[in-house]
Amino acid sequence: MKQSRIKRKLFGRYGNDGLIFKLVLYLFFIGISFIFLYPILQMIVTSFMTLSDLVDPTTIWIPKQFTFKNYIRAFEALNVLKALKDSFIVTLSSTAIIVVSSAFIGYGFASYDFPFKKIMMGILVAMFLIPTILMSIPTYVIYQRLNILNSLKAFIYPAMLGFGFRQTIFILIFYQFFKDIPIELREAATIDGASELKIFFKVCVPLALPAFLITSLYAFVWYWNETGLALLYLSEKYTTLPMAVLGFRTLYELLYPAGTVGLEGASETFNQGVQFAGTMISILPLLIIYFVAQKWFIEGIDRTGIAGD
């Protein structure tokens, strides 16, 4: 009797509810998590290493001497305060415009029938399948003719008209949310004398708050990390933090030429510790936003899945 009880505890009744199964499952997920976290953990540790630790093969995880000089020099070389200001200007303005316009477009597709609706939806999906890099040169020529290059207009105007960065996915998310709202709610509001705008803002928007949350977070992350289009359209007027990281080595060596910080050559001056410190600075705002909004982010994803059923 005692042996059967121990066996049941170890293996469970159905083979997937015992301690051994749970232990194997937890070890599996811990291993998968470590695979994804390993590069970030290694980057964090390396960013605090001195040059002597970097060239010491016995120093792997725990630096023998912690140093903040890598972050101080990276902060100065990247001109972080200006880069952060430019990043937030570009990202917040573009995110706000693309989310609002996507909501209106998605609501229009979900609530109204009009000629060529299915064709337009097909074109929308087809545009999403076209790689952004293929559209960059034609759009650059168009923006040049419209005289909107080297300004936020190159990001804001397309977002207003439904052609923003990866905007199709946002439109489809709003379309699915608004489509699942019972038509009786809109009809009841119409009977009460509500206008179309009032129905949208008072009835539909509150029910679609998870869609607004998830699209805002995704748009913020994508616009923040975007460097190719930013370099192409914004040029030197706005230097976002990821753009500064692209030219980090050049900026650093201009500020700290070889021999000015007690090292022998430029190749030694710009080391992996400094490089990883600059990278950590560039992703730190996103990490903070994620940890602060983690609860609402997960709830938004869950609600998105429910709305898509």
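Every position in the sequence shown, counted from 1, becomes a number in this note's numbering once 89 is added. Here a beta-carbon is modelled for each residue, glycine too, at the ideal position from N, C-alpha and C. Since this is a predicted model, take the numbers as computed values, not measurements.
Query, Result
"Three-way DSSP call (helix, strand, coil) for Ala396 in this model", "Because the pLDDT of Ala396 is 43, which lies under 50, any placement of that residue in the model is unreliable, and the question is left without a value."
"Element boundaries [alpha helix (DSSP H), containing Asp142]", "140-143"
"Nearest candidate by alpha-carbon position, reference Phe244, set Ala192, Met216, Ser176", "Ser176"
"Per-residue DSSP class, three states only, for Phe263", "helix"
"Anticipated Cβ contact below 8 Å, Gly195 with Tyr264, distance rounded", "4 Å"
"Close-in-space but distant-in-sequence residues of the same chain around Tyr232 (CB under 6 Å, 5 per side omitted)", "Leu238, Ala243"
"Those residues which DSSP pairs with Phe244 across a bridge", "Phe244 pairs with nothing; no bridge assigned."
"Inter-stretch contact (C-beta, 8 Å, three-pair minimum) for the segment 126-137 and the segment 146-161", "yes"
"One or two residues paired with Phe155 in a DSSP bridge", "Met138"
"C-beta contact flag for Gly253 and Ile161 at 8 Å", "no"
"Own chain, CB closer than 7 Å to Gln383, minus 5 neighbours either side, in chain order", "none"
"Rounded separation between Phe289 and Ser305 - CA only", "18 Å"
"Simplified DSSP assignment, three categories, for Arg338", "helix"
"Residue closest to Thr180, alpha-carbon to alpha-carbon, out of Asn360, Leu126, Phe117, Leu318", "Leu318"
"Host alpha helix (DSSP H) of Trp313 (start-end)", "298-314"
"Same chain, Cβ closer than 6 Å to Phe110, five either side skipped, listed in chain order", "none"
"7 Å Cβ shell around Leu344 - same chain, five flanking residues per side excluded", "Glu165, Ala166"
"Contact check, Leu335 vs Thr358, beta carbons under 8 Å", "no"
"8 Å contact criterion, which Ala192 and Phe301 should meet: CB distance rounded", "7 Å"
"Selected residue, minimal CA-CA separation from Thr184, among Leu375, Met332, Val292, Ala248", "Ala248"
"Neighbour flag for Phe266 against chain B, beta carbons, 8 Å", "Looking for chain B here will not work: only one protein chain is present."
"Buried versus exposed call for Asp281 [16 or more other C-beta atoms within 10 Å across all chains shown]", "exposed"
"Opening and closing residue of the alpha helix (DSSP H) in which Thr279 lies", "272-280"
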